[in-house]
Each structure stands twice: as structure tokens, then as C-alpha cells.
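The structure appears right after this line, and notes come after that.
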Amino acid sequence: MAKTGRTLTGGQIVCESLLREGVEVVFGLPGGAILPLYGILPQYRKLQHILVRHEQGAAHAADGYARASGNVGVCFATSGPGATNLITGLATASMDSSPVVAITGQVARSAIGRDAFQETDITGATLPVTKHNFLVMHASDIARTIKEAFYIARTGRPGPVLVDIPRDVFQEPAEFVWPETVDLPGYVPPGKGDEAAVEKAAQLINSAKRPVILAGHGVTISHAFEELKTFAEKAQIPVITTLLGIGSFPGRHVLSLGMPGMHGVAWASLALDQADLIVAVGSRFDDRITGDTKKFATRSRKIHIDVDPAEINKNIHVDAPVVGNARDVLEQLIPLVNRASRPEWLAHLDALKADHPSLRIRETEKLLGQHVVKALNDITEGKALVVTGVGQHQMWAAQHYLPSESNVWFTSGGLGTMGFEVPAAMGVQVAQLDKIVWSVAGDGGFQMTMSELATIAENNLPVKFAILNNNSLGMITQWQDLFYNKGFYANAYTRNPDFVKLAEAYGIKGIRVTKQEEVNAAIRAAQKHPGPVIVDFRIEASEHVYPMIPGGMSIDELIEEKL
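Count along the sequence shown from 1, then add 598; that gives the number in this note's numbering.
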């Protein structure tokens, strides 16, 4: 440990520690228990603080910032309701392996356990949705705790870490001692894969006739973009990307097959079913991909590369597990796999695409969500950063937006959090100020966190919002139509706001689109505008997302749109 000889308050130690971890921006909202920390923030001008309108927004913004920057995202909240408001955002980050550190204020040490005003056991409450959490009872422990929190958040399988600090600990003086190293016995994040396991995987790949790669979020997290591309091209293996794996492989590449599963393109799901080998890289075999696990890809052997050993054989039994960082393991695999040519397999996949035209948009004069995303894809050439909420608009975006660059796709996958689209887009924009950020939103999810429009306007963040507005909860409507005997209930909105007037109320440019022929001009006008923009696309209300494999079913139950 390096002694500095300086005596600081706990709040000052927090700020000094954040600066040493390279933190530049914090999303937060003050309250009584954390006010001593806010009191000293003006002393630390290098720490930009963005004042959100709700703590859930702070957590999602920190999450979006982390995903877009590759650094740990940081959020602040006070005790009680401030801290509990973070939980949905922390759960979202946990399910999607996003590195976030949340620092919360707690009631004074003498009041803990007495049901004091705004007291909540936030470490207990967040235990299931954080990678780890801490309650710091002495100012002298703050620096070491924050060092450990950042290390845990960013290493191995990343995830959120919460640090809870009582109000009087922020005010307590202590010598500032910054630890140069972290010593966490029992916590050893994997790096390279076991050589024998990697060699076995290479043998399976070299003997396969119909292999596919299933690329997940682990590829993006480990920044294995070039390694995945090199591996796929050398072995001539087509690449299927999970919902969170979108952007890990160029969407316009000849070997790209797109997303499989419940609302994935049919040919990707069929390719998984017909393959004789699946190489899963940083994917956890989520139920939205596998459906009925007993019927999933029964004709194939399986290689599973994952940094988290708990994921191996959890959902799907595999033949060759390799525990390790995706980038490291791919670097090991590349020299071991043969340079291959698979004309018959690739030709068969092309035939599947022709026989199952999942991305063909049916001819109609009405405005569909697919029209909007397809236009967004074409105009931006897949280079814009796209953040989505959850629902029909998310699936249309996943199908029709084909990233041409890496790490340009951000969505809530595992938790499926409606409301992610507004604050996460804010965090992504803060991380990439020179890039165009589009938030593709549903009118339902947008309204859950639209209070952050004030934060976006206040900071003049040029996020562009494409609201696919059908005045309903689209996916709820689809499920009630297909699987609940058309028993429509609590699925439609009859008092949505005028989103253009709402935009104007926040000082944001608003555009309304009601016709197909207006879409391109609206997107171009939004991109040309220097500040934030809301485009209200009034889309067809009764449109369904196809293809569809019903939950818990298999490829045999695939439902395709009749064009």
C-alpha cells in the first residue's frame, strides 16, 4: 500500500479513489444520506456529475455508458428509496454482464438497524442482482473497497457491484491510502483456456462438415471482434449472433446469419438445428434461443467457450467445454483450426434464406415498424449506435438493423427491461459524444423513463429517438392474439401524449411521421439536427413480429408470416 500522508474525509477518499480508477462521469441524484459526498464534489471538477431525474435512470445510464465505453459505469444514490430505485438497473446490468459500480449513502452507523428515516438494507436487497456488494463502516476502508469493487466489476464475467457507505463515514477523517494491488483470495478470473480443452475443440472443428458459430455478448465484452472474424473466415464457419451478440460480427458479412430463436430469422434457427457442430462463444444458451432444451440442436456436437464456469452445462450439455476469456480462447484456437472451404454447407444455408425470407417486408401502404428500422439501417449504413427498449420494436430492430461496425448495438437482453431505451441511450451518448446514437423505442417503454428527457435536454445530448408508436403494448397484444384466444386486456393505450408536443415541452425538436414516404426525410432531418430529436412514427397497431417460435417450443413449431 502506498501511504499518501494526507488526511481526508470519507467523501474526499471516494472521489480520490474514483479518479484513480479513471472515472470521468457519474450519473446520480442526491439525498440526505449521500449529501456529504455531494458537498465535496465541487472540489473535484474532473468528475463530471450528470443529475438524473430518477435513480433507475442513473443505473441504466451507467450501464449504457459502460457498454459503449468499455469502462466501468458509475452511479450515485441516497439511502432508502434512492437505493432501491437502482435495483432494476442493477438487475439489468447483472443479467447482461455489464460493469457498473453503484455508490449509495446509508443512514448513520448509530441508526442502522433502528428503522431510521430512509433506512433500507440495500446490501441485502441487492444481493441477488449484484456480482458483489459492500457495506463500508470505516473511512479508512473506503479506498481499498472501491479498488476491489472496480476490479470485481470489470474482470472475469463483468457485473454490477454496490458500495454502501453510512452518512457519517463520508464525514469521518482518515488517512488516504491507495492500494496498488488487489488481493481477493478465491477470486481468480479465467484468462486462457486449458490447452487440452482447446485442442479438443479444434479437433471437433476440423472434423465438422456443417459447423456454425453462436456468438454471444461475451465476444463484445472481451473485445474479440477481430479474433472472431479471423476465426470464422479461416474455418469458413457461418456466424449466428444472439440478441446481445449483435454487433460482435459484421451484419453485412457473407458469413453472417443473423439472430436465431423466438423472433430470430428462420434460417438461423434452422442452421442451428441442422448443424453437426455448434461453437458457442460467450453465449449462455438462453431459453429464447434454445426453446425446448430436449429438442434443441439434437444433431450436433457442441463446444462452449465461456468465462463463467457456472454457465457450462447449465442449460445445454456440451461435448467440449472451454472455460476462459473469449478473446484469449479464440487466439488459442485460430492457429489450430484448418483453413477450410464449405461450399455445400454455405450453399444449403443460402437455399434456406431463399425458402424462408424472414426479412421480407410485406407490401402495404400502411407504415410498419419494419419500414422504420430498415430505413434507419440503410441511411446510417449500420454505423449508428442503436439502443432499444424491450418488445416488438426491439425484435424488429434486431432483425433489420445490420451493424457494419463493432459494439454499436445496446439492448436489455436477459432481464428484458422496458424503459431501458431512454436513460441507456443517454449513457451511450455520453460515452460516444462524436457518434450518432439512435434510441429505437416503443411508446410503452419510452413512457416508463421519459423523465430523463429533461436530463438529455439539460446536457444537450444529441440522442435521436425513434418511437415506434402503435398506442399499445405490442408484444402483449401479439401474445394475447396468438396464444390467449384473442382475450385482449390491458394491452392498449387510449391516452398517449402527443410526443411532438412533449418534445417541445422539453425544448427538444419533435417530428411526426404517419406515412411510409415521410420516413427517410424524417430520419435525415433528425440526424442533421445538432441536438436531441424525438420522431413519433405512427405505425400500424395490429402488426405482429415474425418469425416466431413460441416460448418453450422447438423449431418444429416455427410460425412464419404469410407474405
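For glycine and all other residues, C-beta sits at the position ideal for the given N, C-alpha and C.
Keep in mind the model is a prediction, meaning the values are calculated, not measured.
Residue i versus residue j: straight-line alpha-carbon distance, rounded
i     : j     : result
N1068 : P1145 : 20 Å
V796  : V920  : 7 Å
A1023 : A1052 : 13 Å
A878  : N1005 : 19 Å
R604  : A689  : 37 Å
L944  : T896  : 20 Å
K1107 : K1126 : 11 Å
S677  : A741  : 20 Å
N936  : K892  : 32 Å
I887  : L1071 : 23 Å
R958  : F1135 : 20 Å
I632  : Q769  : 10 Å
K900  : L870  : 11 Å
V775  : T607  : 12 Å
H991  : L842  : 15 Å
L760  : V1111 : 43 Å
S956  : K807  : 25 Å
E1115 : A833  : 43 Å
V621  : D926  : 26 Å
V1038 : E778  : 42 Å
Q716  : P726  : 21 Å
H915  : G845  : 27 Å
I876  : S1152 : 17 Å
K1084 : Q1078 : 5 Å
L802  : D874  : 10 Å
Q646  : L639  : 9 Å
L616  : V852  : 44 Å
R618  : V767  : 20 Å
M735  : G711  : 14 Å
L931  : N923  : 12 Å
Where residue i falls: helix, strand or coil (DSSP)
i     : result
L733  : strand
G845  : coil
Q646  : strand
G1012 : coil
M1024 : helix
S1037 : strand
A706  : coil
G608  : helix
I750  : helix
D762  : strand
S854  : strand
V984  : strand
T724  : coil
I835  : coil
D1032 : coil
Q716  : coil
N683  : coil
F1044 : helix
G662  : helix
Y636  : helix
P941  : helix
G862  : coil
Residues bridged to residue i (per DSSP)
i     : result
D1134 : I1065 and R1110
M1146 : I1157
C673  : F625 and A700
P771  : T607
W1007 : V984
Any non-hydrogen atom of the ligand NAP closer than 7 Å to residue i Cβ
i    : result
K644 : No copy of the ligand NAP occurs in the structure displayed, which carries no ligand at all.
Min CB distance residue i to chain C below 8 Å
i    : result
V810 : Reference to chain C is not applicable here, since this structure consists of a single protein chain.
> At a cut of 8 Å, does the stretch 1049-1067 reach the stretch 695-713 through at least three beta carbon pairs?
Replying inline: Flag = no, the stretch 1049-1067 and the stretch 695-713 do not touch.
>> Pairs of beta-carbons, one from the stretch 727-736 and one from the stretch 745-752, closer than 8 Å: are there three or more?
In response: In short, these stretches touch, since the Cβ pair count reaches three.
>> Closer than 8 Å is the cut-off here; do at least three beta carbon pairs connect the stretch 857-869 with the stretch 962-970?
In response: Output reads no: the stretch 962-970 does not touch the stretch 857-869.
> Does the stretch 880-889 come close enough to the stretch 904-918 that 3 or more CB-CB pairs lie under 8 Å?
Replying inline: Below 8 Å, enough C-beta pairs join the stretch 904-918 and the stretch 880-889 to call them touching: three or more.
> Any chance the stretch 625-644 sits against the stretch 656-665, with 3 or more Cβ pairs inside 8 Å?
Replying inline: Touching, yes.
> Where in the stretch 790-831 do unbroken runs of the alpha helix (DSSP H), each at least 4 residues long, occur, reported from the N-terminal end onward?
Replying inline: Counting only unbroken stretches of 4 or more residues, the alpha helix (DSSP H) elements lying wholly within the stretch 790-831 are 793-805 and 815-819, in sequence order.
> Can you give, in chain order, each stretch of the beta strand (DSSP E) that sits fully within the stretch 1049-1108 and has at least 3 residues?
Replying inline: Complete beta strand (DSSP E) runs here, min 3: 1062-1067.
>> Whether or not the stretch 808-821 and the stretch 979-986 are in contact is what I'm after, with contact meaning three or more pairs of Cβ atoms, one per stretch, closer than 8 Å; do they touch?
In response: Too few Cβ pairs lie closer than 8 Å, so no.
> Hey, is the stretch 992-1011 in contact with the stretch 850-864, meaning 3+ C-beta pairs nearer than 8 Å?
Replying inline: Output reads yes: the stretch 850-864 touches the stretch 992-1011.
> Does the count of Cβ pairs from the stretch 1097-1114 and the stretch 1027-1036 closer than 8 Å reach three?
Replying inline: Touching, no, given that fewer than three Cβ pairs across the two stretches are closer than 8 Å.
> Would you call the stretch 713-721 and the stretch 679-688 in contact, with 3 or more CB pairs under 8 Å?
Replying inline: The stretch 713-721 makes contact with the stretch 679-688: 3 or more CB pairs, one atom from each, lie closer than 8 Å.
>> I'd like to know if the stretch 807-818 and the stretch 949-965 are in contact, where contact means that at least 3 CB-CB pairs between them fall below 8 Å.
In response: Output reads no: the stretch 949-965 does not touch the stretch 807-818.
> So does the stretch 1012-1028 actually touch the stretch 1042-1057, counting three or more Cβ pairs closer than 8 Å?
Replying inline: Contact holds: three or more Cβ-Cβ distances are below 8 Å.
> Can you give, in chain order, each stretch of the beta strand (DSSP E) that sits fully within the stretch 871-935 and has at least 3 residues?
Replying inline: Fully enclosed beta strand (DSSP E) runs of 3 or longer: 875-879, 899-904 and 918-921.
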